[in-house]
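Number of protein chains: 2
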Amino acid sequence: MTEASQTISDQIQKKLDDFTRAERQLALSILENYPASGLGPLTALANDANVSVPTVARMVQKLGFKSYPDFQSELREELRAKVKNPIAKHDMWAETAPSEHLLNRFTDAVIDNIRLTLTQINPAEFDAACGLVADQSRHLFIVGGRITHTLAEYFYLHMQVIRPNLTHVQSTSSTWPHYLLNAKKGDIVVIFDVRRYENNILKLAEIARSRGAKLILFTDQWRSPVHHFADISLSCRIMVPSAWDSAATTMLLIETMISSVQNLNWDDTKDRIETLEVMFDQTRLFRKFT
Amino acid sequence: MTEASQTISDQIQKKLDDFTRAERQLALSILENYPASGLGPLTALANDANVSVPTVARMVQKLGFKSYPDFQSELREELRAKVKNPIAKHDMWAETAPSEHLLNRFTDAVIDNIRLTLTQINPAEFDAACGLVADQSRHLFIVGGRITHTLAEYFYLHMQVIRPNLTHVQSTSSTWPHYLLNAKKGDIVVIFDVRRYENNILKLAEIARSRGAKLILFTDQWRSPVHHFADISLSCRIMVPSAWDSAATTMLLIETMISSVQNLNWDDTKDRIETLEVMFDQTRLFRKFT
DNA sequence: AGGTGACTGTGAAATTATTTTCATAATTTA
DNA sequence: TAAATTATGAAAATAATTTCACAGTCACCT
């Protein structure tokens, strides 16, 4: 084997820059179900990747194979070798790094957090929270702490597109009580508070509650004291091999909620998004392609 | 699926007694390099097993497949499922919700994103990026786009504690060119740019590069055009069942990098954190417990 | 704005490979 | 020895691959 020491997967990644748009699309599709998708018929692969048959043929040649069957036969050889090799144990995420590598340890921890968080979550409560957030007749307040205000803003930026009638409370400023002056019965306050829990957030929650608002809380497994006032609490596991906590699981829940709320409001949202697209096009803020 | 829960390998072993001599010989040969040998052409398999072509055809039919290609396609399907980590094919994450519940579908997608991202990442490059970010003699610029600036800020907030000499570039403002006035050779620019890619970020990257800064890019699987200027690109899978993209995997990488950089700088960081703790205590911003 | 060139998809034809199915002879097994 | 199983070789049928020409699209450049 002259250069067979690197897998076809590696070769594809290395050549990613030399590929054209359609070829890259194909390449990513191959890597998505590697190596299974490359072992089927060429036509099936082309369909999977949403590219044309000639594109597949062209790319295979660019990779240096005489023909598609040639490419497949190397793939099979690779699979043979991998299955044979006992080192190919699959409990690693970044396979080219040792299992003690931080990438693997950290990912292990995050997956574990996700698993634990999801088994402990109450789907009915989650759905209820989504329902409340989707209700456009209620004003939506979003607030976070020193670190979590970034999550709050992430949530806010999406909600802003999906629905009107919302406010991002800048809790770091001393002006947050002013926001609450407008809060009325039935309004929704989404609060992010993980350790270390912040006093002003607690105060805010208390006041909001006393004004009759519904509170939805994103917190950690030990639960912020805010949860005493919250109508719905969603606790996420946050422990990782780091001096810091992980927001990855919280992010997952936030994004799921965004998607859910979007679905609930789809009819209204559609128009808002289209309008937004037009505006973005006009401002030429975004690139069209490549 | 009625009996698809058992693998083809299982089915073959179970029927081993019903097979004739030549068929058994073939069966064992298939199991020898399972599943690679079954994915090649029928003729090759017959040769490998030293049986005739019709024998292969007969056995495949005995196993209950309509044709040899049918058999292969099931083998591929099996391989697909197997490649996903055992943990990734977890049936349900939120066990009290049906598997079609968004919580389960979304989590599935995110786990898959993590798996794919990690297998395609280059640990050496990642480590190199961490090394650069940890180097306190280089000024660290952090910049994100319309949505991703929240990730940028999350990264910034942690880096702020870990090391001095850094700037969060507010790319939304029109003042970002001013930040770059201070950029000099050897400085680090960490850029977040996922679709839709933003023109001003690209411009910024180009200028930063021309001033001799090192660029580290967090992007998606399709890669922002910034990657042409970047010294190190980290691409994350971001597809989820939503109208929006997922930043959960990106978050995972960011946090891993934070942890890694913190480890590299531990001696210096320790003091900074302690100082910070004292300051927080004094401002009574955080609650001590509960 | 308009032209240029690279890239892609389409459809189809030619080619090649693969599978299926026979009949028959050889071999094994009971 | 008879019956069942196999291999052989080959033909027919099917499927897959390769290769075109051409037209449409998109990015890029002037």
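These protein sequence lines are chains A and B, in that order. Residue numbering for the first sequence follows my numbering, starting at 799 and increasing by one per position. Residue numbering for the second sequence follows my numbering, starting at 799 and increasing by one per position. For every residue, glycine included, the Cβ atom is placed at its ideal position computed from N, Cα and C. In this text the structure is predicted, and so the values were computed from the model without any measurement.
Simplified DSSP state of L789(B), which is helix, strand or coil:
This structure gives no information on residue 789(B), because the portion of chain B shown stretches from 799 to 1088.
Please tell me whether Y952(A) has its Cβ less than 8 Å away from any Cβ of chain B.
On the first sequence, residue 952(A) is found 154 positions in, with the first residue counted as 1. At least one chain B Cβ lies under 8 Å of Y952(A).
Once the 5 residues before and after A907(A) are set aside, which same chain residues still bring their CB inside 8 Å of it?
For the purposes of this step, residue 907(A) is taken as residue 109 along the first sequence, with counting starting at 1. Closer than 8 Å at Cβ, skipping near neighbours: M1037, V1038, P1039 and S1044.
Can P833(B) and E876(B) be called in contact, C-beta distance under 8 Å?
In the second sequence, residue 833(B) corresponds to position 35, counting from 1. In the second sequence, residue 876(B) corresponds to position 78, counting from 1. A contact, by the Cβ cut-off of 8 Å.
Please list, in chain order, the residues of the stretch 1020–1034 of chain B that have any C-beta partner in chain A closer than 7 Å.
P1023
Which residue comes first and which comes last in the alpha helix (DSSP H) that contains K1012(A)?
For the purposes of this step, residue 1012(A) is taken as the residue at position 214 of the first sequence. No alpha helix (DSSP H) contains K1012(A), which is instead part of the beta strand (DSSP E) from K1012 to D1018.
Distance check for D1029(A) and F1094(A), CA to CA, integer angstroms please.
Residue coverage of chain A in this structure runs from 799 to 1088, which leaves residue 1094(A) outside it and unanswerable.
At a CB-CB cut-off below 7 Å, which residues of chain B make contact with Q811(A)?
Counting from 1 along the first sequence, the entry for residue 811(A) is found at position 13. Residues of chain B passing the Cβ test: Q918.
By how many angstroms is the C-alpha of L873(A) removed from the C-alpha of S871(B)?
Stepping through the second sequence from its first residue, residue 871(B) is reached at position 73. Stepping through the first sequence from its first residue, residue 873(A) is reached at position 75. Between S871(B) and L873(A), the C-alpha separation is close to 16 Å.
Less than 8 Å between CB atoms is the rule here; does T1088(B) satisfy it with respect to chain A?
The residue labelled residue 1088(B) in the question sits at position 290 within the second sequence. In this predicted model, T1088(B) has a pLDDT of only 47, less than 50, meaning its place in the structure is not dependable; the value taken from the coordinates is given anyway. So, interface residue.
Partners in chain A for F924(B), counting only beta-carbon separations shorter than 7 Å:
Residue numbering aside, residue 924(B) sits at position 126 when the second sequence is read from its first letter. L901, listed in chain order.
Output yes or no for whether 8 Å exceeds the beta carbon distance between Q809(A) and L843(A).
Mapped onto the first sequence, residue 809(A) falls at position 11. Mapped onto the first sequence, residue 843(A) falls at position 45. Not closer than 8 Å, so no.
Is it right to say S865(A) is buried, meaning 16 or more other beta carbons lie within 10 angstroms of its own, or is it exposed?
As a first step, residue 865(A) is located in the first sequence; it is residue number 67 there, counting from the start. Exposed, since its Cβ has fewer than 16 Cβ neighbours within 10 Å.
May I ask which residues mark the beginning and end of the beta strand (DSSP E) holding T915(A)?
By 1-based counting over the first sequence, the position of residue 915(A) is 117. Here T915(A) belongs to no beta strand (DSSP E); instead the alpha helix (DSSP H) covers L900 to Q918.
When you compare only the Cα positions, how much space is there between N824(B) and D868(B)?
As a working mapping, residue 824(B) is identified with position 26 in the second sequence. As a working mapping, residue 868(B) is identified with position 70 in the second sequence. In the sequence as displayed, the identity of residue 824(B) is Leu instead of Asn. In a straight line, the C-alpha of L824(B) is about 18 Å away from that of D868(B).
Closer than 9 Å at the beta carbon, the chain B residues around Q1060(A)
Start at 1 with the first residue of the first sequence, and residue 1060(A) comes out as number 262. Per Cβ cutoff of 9 Å: S1040, A1041 and W1042.
Alpha helix (DSSP H) containing H966(B): first to last residue?
One-based indexing of the second sequence puts residue 966(B) at position 168. Premise fails: H966(B) lies in the beta strand (DSSP E), L964 to V967, not in any alpha helix (DSSP H).
Proximity winner among I1005(A), T973(A), L1000(A) and R878(A), relative to L837(B) (alpha-carbon distances)
Numbered from 1 along the second sequence, position 39 holds the residue referred to as residue 837(B). Of I1005(A), T973(A), L1000(A) and R878(A), the residue nearest in Cα terms is R878(A).
Strictly below 8 Å CB to CB, what residues from chain A border I909(B)?
Here residue 909(B) corresponds to residue number 111 of the second sequence, with the count starting at 1. Ordered by position in chain A, the residues that pass the 8 Å Cβ test against I909(B) are I909 and I912.
By DSSP, does F817(A) sit in helix, in strand, or in coil?
As a first step, residue 817(A) must be located in the first sequence, where it is residue number 19. Correct three-state label for F817(A): coil.
Interface residues of chain A facing A1045(B) [CB-CB closer than 8 Å]:
Against the second sequence, residue 1045(B) aligns to sequence position 247. The contacting residues are Y952, M1049 and E1053.
Taking the alpha helix (DSSP H) that S935(A) falls in, what are its first and last residues?
To locate residue 935(A), count along the first sequence from 1; it is residue 137. No alpha helix (DSSP H) holds S935(A); DSSP gives it neither H nor E.
Is the CB of S1057(B) under 8 Å away from at least one CB in chain A?
Sequence index remark: in the second sequence, residue 1057(B) carries index 259 (1-based). Taking Cβ atoms only, chain A reaches closer than 8 Å to S1057(B), which makes this a yes.
Would you mind reading off the limits of the alpha helix (DSSP H) that contains V881(A)?
Sequence index remark: in the first sequence, residue 881(A) carries index 83 (1-based). Element bounds for V881(A): Y866 to K882.
Could you tell me whether the Cβ atoms of L930(A) and I1014(A) are closer together than 8 Å?
Mapped onto the first sequence, residue 930(A) falls at position 132. Mapped onto the first sequence, residue 1014(A) falls at position 216. A contact, by the Cβ cut-off of 8 Å.
Would D1018(A) pass as a contact of T946(A) if the rule is Cβ separation under 8 Å?
In the first sequence, residue 1018(A) corresponds to position 220, counting from 1. In the first sequence, residue 946(A) corresponds to position 148, counting from 1. No; because the gap between Cβ atoms is not below 8 Å, this pair is not in contact.
Exposed or buried, M1077(B), counting other C-beta atoms within 10 Å across all chains shown (16 or more means buried)?
Counted from its first residue, the second sequence places residue 1077(B) at position 279. Exposed, since its Cβ has fewer than 16 Cβ neighbours within 10 Å.
Which one of L1051(A), L1000(A) and T853(A) has the shortest CA to CA distance from N920(A)?
Position 122 of the first sequence, counting from 1, holds the residue named residue 920(A). The shortest C-alpha separation from N920(A) is found at L1051(A).
Using CA coordinates, which residue listed in R1070(B), T1047(B), R1021(B) and E1053(B) is at the minimum distance from Q811(A)?
Locating residue 811(A) in the first sequence gives position 13, counting from the first residue. Taking only the C-alpha atoms, the option nearest Q811(A) is R1021(B).
Check the Cβ-Cβ distances between N831(A) and every residue of chain B, and say whether any is below 8 Å.
Sequence index remark: in the first sequence, residue 831(A) carries index 33 (1-based). N831(A) counts as touching chain B.
List the residues of chain A whose Cβ lies closer than 8 Å to the Cβ of A834(B), in chain order.
Counted from its first residue, the second sequence places residue 834(B) at position 36. The contacting residues are R874, E875, L877, R878 and V881.
For chain A, is any of its Cβ atoms less than 8 Å away from the one on L955(B)?
As a first step, residue 955(B) is located in the second sequence; it is residue number 157 there, counting from the start. It does: the Cβ of L955(B) has a partner Cβ on chain A nearer than 8 Å.
State yes or no: is the C-beta of A927(A) within less than 8 Å of the C-beta of L1062(A)?
The residue labelled residue 927(A) in the question sits at position 129 within the first sequence. The residue labelled residue 1062(A) in the question sits at position 264 within the first sequence. Not closer than 8 Å, so no.
Contact between the stretch 900–917 of chain A and the stretch 1053–1062 of chain B (3+ Cβ pairs under 8 Å):
yes
Going by CA-CA distance only, name the one from P975(A), W974(A), A855(A) and I828(A) that's closest to S807(A).
The count along the first sequence starts at 1 and reaches residue 807(A) at position 9. Here the closest residue by C-alpha is I828(A).
Hey, out of Y952(B), L814(B), H966(B) and N980(B), whose CA is closest to M769(B)'s CA?
No answer is possible for residue 769(B): it lies beyond the span of chain B, which begins at 799 and ends at 1088.
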